[in-house]
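Visitor:
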Amino acid sequence: MGDWASILEKRSKYFIGIYILSYYALIICFKDEKELILLGGNGFQVIAPFVSGIFIIKQFFHLKNEKIRYYWLLTAVATFSYGVGMVIFRYNFTFFPNTHSTNLSDLFWYISIILYIFALVFVQSLTKNISKTVQYIFDIIIVMIVVSSISWHFVIAPILDSAIEFGFMYTVVSVSYPIAILVMLFALLSLYYMSQSVLPKKVFIINVIAFSILLFANMDYLYLTMNNLYLSGSYMDPLWPLSMLLFGLASVYNKKDGKVLVESETEQKRNSGKIIDFLTIKLMLPYLSVITIFIFMIFQGNLAINSLVIGSIASTLLIIIRQILTLVQNSELIFETKELNRELEIKVQQRTKEIIEKNQELEESIRKIEYIAYHDSLTSLTNRRYFEEKIESAIQETNQLNSRFAIMFIDLDRFKFINDTLGHHTGDLLLVSVSNLLKNIVGKDNVVSRQGGDEFMILVRNTSKEEAERLAEQIINELQKPISINGNELFITSSIGISLYPDHGSSLNSLIKRADTSMYSAKEQGKNRYQTFNVSMDDHITLKVNLENGLRKAIELNELSIAYQPKLELLSNEIIGVEALLRWKHSEYGNISPSTFIPLAEETGLILKLGEWVLREACLQLKKWEDEGVEHLGVSVNVSTIQFIQKDFVEKVEAILKDTLADPVYLELEITESSTMDTELVISKLNKLKQLGIKISIDDFGSGYSSLSHIKNLPIDILKIDKSFINDIENDQSNQAIVSTILALATNLNLKTIAEGVENERQYQILKEKGCDQIQGYYISKPVPVAEVSKLMHFKVTNV
């Protein structure tokens, strides 16, 4: 399309050049052949407006939804009207050369001039920013005075003088021609002095040139006619078809997509690399006009008072007034510029001060955020993230120094009893006291961390088994002493598990796991003691193996089932969906906690088989509910990282939907933050899933390590706030702040939010006040078998 448009533009230019040169060649080469020039001139004069009109009217039909199309319609009709008038004129001129009476050609030419004026006025009406400055108004007036004075002297006055000779009607028609031309010139000047054009730049320039040539040719023709000087074959004759063809060329250059190109004077000036540009010509035009009228005045041969002299005086006075006004405007601009500079300096100083203050606030906020990210909000101890990073560093340092370090896993015995009987506030104070005791006992060289709840971990650097056990004994002795809280003496004991590097593991996870195993072994042995990991604890490993074998056969033995936990929409106070949760009832061990068998399934790769089974069962149930008339009940299914990164994951999901005939609109897949680290792969998969109609949520948001810039690029629908932030939200200001931040983030990213683990009315109230969209947790309902889901469909919170 672009190549064809370019070819058409070139061919159009060549056609116009050849056409006009051919006309001039006819006039020059056959100047003595009057009849040949007359007949050839008839063809050149008549063909041009109709060819141009065809191109212009095509532009009208092309621009279907643009207002500017009516400019082209008016121009096309004006051009055709001019062409009809030219046909009649050339006919009369050929067969009745000596007549001076008005005829139909004048009517059609009047119509064309009026339509051209309407076209120019219409273009101005589309321009929203027309220059209204005094300078440009004076410029237009100066040019109009000069042209009007010259027109009066050479055209209008002679017509009026000959009124008696040619009759009243002929005089009126003849005088109205230059008046209409002057009106068209005024409209053209107004269009030319616009600060913006609704036409593309080339189209605007060609139109201005075409109108200017047409005006000049018409005015010159009137002058020659009034003085009986006009002869067919004049050198001015090709100007009429040239102006018509230029109108057609402008329509060819108009943008094919119909878009309007708006270019301000400032942009014209900035983009122009020429010495003389649009703005320069605009500024020079009034001066050139005054020079022109002075030249006419000088060459008239005398200084008689006539329209030329009056026009010269008037235009000169206007130039002087214009210059005075310009000087006044310049002085005002200089004063305004100084004031603006002064105000700008003040604003810069204020802004600089604000930036410095903001930077200080930002640095302080960063320090606070870093502190929050690595510390427990209640006890001010380091948190799990910090602790794990320190263990990784300790592994590297120990390898270099060929030494050992120990990890202690501490759990407070009977803490739940104290928390339940004396209240959470007392429990929190107890945790703070224990934290201070641990820091004092361990010292600054080692790391004390709170893992959550009543669990603590300690990293003891450069130690031995005996030293670690002595430290554990000291901790147990100190913690079993009475602790005074609010005037009450509380008694608490602790169970401690110890693992050593490299004796009991070479990785972070294995060391923490074996310290945890040792701690549970200490509890099983009566609590209030420590236990160092040893091989005898491999009973736990034996149980793990048995569970793994059982898990491989669980589907075939029909030991697996799905429980559904409802989700409550806070705005409507209605159940709008459920989360499908896998349950396992072992034939020997009974109900196995998901926290036990899900990590085992992920570790062994069985999660792929289990995940596919859960998704299929959930989709089957979704289809069943749909068939039973249950409307708008969504089902969310957890997807493990191992399952999500499989290459054929999307294809498997699509196949299950196809097999079960479930509506994907009501299916939601929950992925973890850790699944989204490979951004390129993740975005591609998520987009494919969303194309199927599936909703995507980020599970346990806030517990992972994803950045906000990472999350905002993911095509997701929902953020599920991790329950660790909901726990104790009614008492923990830090958790409230974190939840508020997540909710604000979700709002800005246009995402829905779900809070997990809502267990009491106060948590419900806080989340509702903060604008959370949905909640789930024991406050609404525990996970229930499928048979009980229908009973929850009409659940509403009525006690709030």
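Just so we're aligned: the sequence shown equals residues 588 to 1387 in the numbering used here.
Glycine included, every Cβ here is placed at the ideal spot set by N, Cα and C.
1) Hey, V1034 and K977 are a contact pair by Cβ (cut 8 Å); roughly how many whole angstroms apart?
2) If you reduce the DSSP assignment to three classes, tell me which class L848 lands in.
3) Taking the straight line between their C-alpha atoms, what separation do you get for C1359 and A1141?
4) If contacts are defined as beta-carbon pairs under 8 Å, then D998 and D1041 qualify, I think. What distance do you get, rounded to the angstrom?
5) Which residue spans inside the segment 602 to 683 form an unbroken alpha helix (DSSP H) run of at least 4?
6) With C-beta atoms as the reference, is L1169 less than 8 Å away from P1186?
7) Taking the alpha-carbon positions, what's the S1227 to T939 distance?
8) With DSSP run on the structure shown, which of helix, strand or coil describes G1014?
9) Skipping 5 residues on each side, what residues in its chain have a beta carbon closer than 6 Å to that of V671?
10) Counting along the chain, where does the alpha helix (DSSP H) carrying S712 start and finish?
11) Whose C-alpha, out of G1092, E1343, S1108, is nearest the C-alpha of G1311?
12) Mind listing, in chain order, the continuous alpha helix (DSSP H) runs of no fewer than 4 residues lying wholly within the segment 1295 to 1350?
13) Counting C-beta neighbours from all protein chains within 10 Å, is the total for E854 16 or more, i.e. buried, or is it exposed?
14) By the three-class DSSP mapping on this structure, what secondary structure does T1050 have?
15) Between K955 and the rest of its own chain, which residues show a CB-CB distance below 6 Å, the 5 nearest in sequence each way excluded?
16) Would the beta-carbon of V710 fall within 8 Å of that of L786?
17) State the start and end residues of the unbroken alpha helix (DSSP H) segment that holds P1153.
18) May I have the straight-line CA-CA distance separating H1091 from T1104, to the nearest angstrom?
19) Rounded to the nearest angstrom, what separates K1114 and M1106 at their Cα positions?
20) Roughly how far, in whole angstroms, is the beta-carbon of S1020 from the beta-carbon of L968, given that I think they are within contact range, below 8 Å?
21) Starting from the Cα of F1288, find the closest Cα among L1338, L1138, G1010, N1096 and give me that residue.
22) Could you name the residues of the same chain whose beta carbon sits closer than 7 Å to that of R1048, not counting the 5 residues immediately before and after it, in chain order?
23) What is the DSSP secondary structure of E1161, counted as helix, strand or coil?
24) Should K1357 and V1326 be called a contact, given that it needs their Cβ atoms to be closer than 8 Å?
25) Compute the Euclidean distance between the alpha carbons of Y810 and Q632, then round it to the nearest angstrom.
26) Please report the residue range of the alpha helix (DSSP H) in which K1211 lies.
27) Per DSSP, E944 is paired with what?
28) Rounded to a whole number of angstroms, what is the C-alpha to C-alpha distance between T812 and L818?
29) Just to check my reading of the structure: I1243 and L1273 have Cβ atoms closer than 8 Å, yes? What is that Cβ distance to the nearest angstrom?
30) Anyone know if the C-beta pair for D824 and G628 falls short of 8 Å?
31) Whose CA, out of S1148, A1205, V1165, lies closest to the CA of E1156?
32) Which value, in whole angstroms, describes the spacing of the CA atoms of L1025 and N1121?
33) Could you check where the beta strand (DSSP E) with R972 kicks off and where it finishes?
34) Cα-Cα, which of L1018, Y822, E620 is closest to S964?
35) Based on Cα-Cα distance, which residue from S830, G604, Q1363 lies nearest to E1161?
Guide: Once the coordinates are examined:
1) Indeed they touch by this definition, with Cβ atoms about 5 Å apart.
2) Residue placement at L848 is poorly supported in this model, since its pLDDT is 44, which falls under 50; the coordinates are not used for a value here.
3) Straight-line Cα distance between these residues: approximately 38 Å.
4) Right, the Cβ-Cβ distance comes to about 6 Å (below 8 Å), so this counts as a contact.
5) For the alpha helix (DSSP H) assignment, the uninterrupted runs of no fewer than 4 residues enclosed by the segment 602 to 683 are, from N- to C-terminal side, 621 to 649, 656 to 682.
6) It is not a contact, given that the beta carbons lie outside the stated cut-off.
7) Cα to Cα, S1227 sits roughly 50 Å from T939.
8) DSSP places G1014 in helix when its eight states are reduced to three.
9) Here the set comprises F695.
10) Taken as a continuous stretch (DSSP letters only), the alpha helix (DSSP H) holding S712 covers 691 to 713.
11) In the sequence as presented, Gly is not what sits at residue 1311; that position holds Ser. In terms of CA proximity to S1311, E1343 leads the group G1092, E1343, S1108.
12) Restricted to the segment 1295 to 1350, the alpha helix (DSSP H) segments that are unbroken, complete and at least 4 residues in length are 1295 to 1298, 1310 to 1313, 1320 to 1335, listed in chain order.
13) Because the pLDDT at E854 is just 45, under 50, the model does not fix this residue reliably, and the value given afterwards should be weighed accordingly. Exposed, by the Cβ-count rule.
14) Of the three classes helix, strand and coil, the one that applies to T1050 here is coil, per DSSP.
15) Answer for K955: no residue qualifies.
16) Contact flag set, yes.
17) P1153 -> not in any alpha helix (DSSP H); beta strand (DSSP E) instead, spanning 1147 to 1156.
18) C-alpha separation (whole angstroms): 12 Å.
19) Those two C-alpha atoms are separated by around 9 Å.
20) Contact doesn't hold; Cβ gap of about 12 Å is too wide.
21) Comparing Cα-Cα distances from F1288 to each of L1338, L1138, G1010, N1096, the minimum goes to L1338.
22) So the qualifying residues of the chain are A981, F992, D1032, N1033.
23) For E1161, the secondary structure class from DSSP, reduced to helix, strand or coil, is strand.
24) Less than 8 Å separates the beta-carbon of K1357 from that of V1326.
25) For Y810 and Q632, the distance between alpha carbons rounds to 20 Å.
26) Start and end: 1194 to 1214.
27) E944 is not bridged to any residue.
28) Taking the straight line from one Cα to the other gives about 9 Å.
29) Their Cβ separation, rounded to whole angstroms, is 17 Å, which puts I1243 and L1273 out of contact at 8 Å.
30) Yes. Within cutoff.
31) Closest in alpha carbon position to E1156, among S1148, A1205, V1165, is V1165.
32) Near 25 Å, if we compare the C-alpha coordinates of N1121 and L1025.
33) It is not in any beta strand (DSSP E) - R972 instead sits in the alpha helix (DSSP H) that spans 971 to 988.
34) Cα-wise, what sits closest to S964 is L1018.
35) Cα-wise, what sits closest to E1161 is Q1363.
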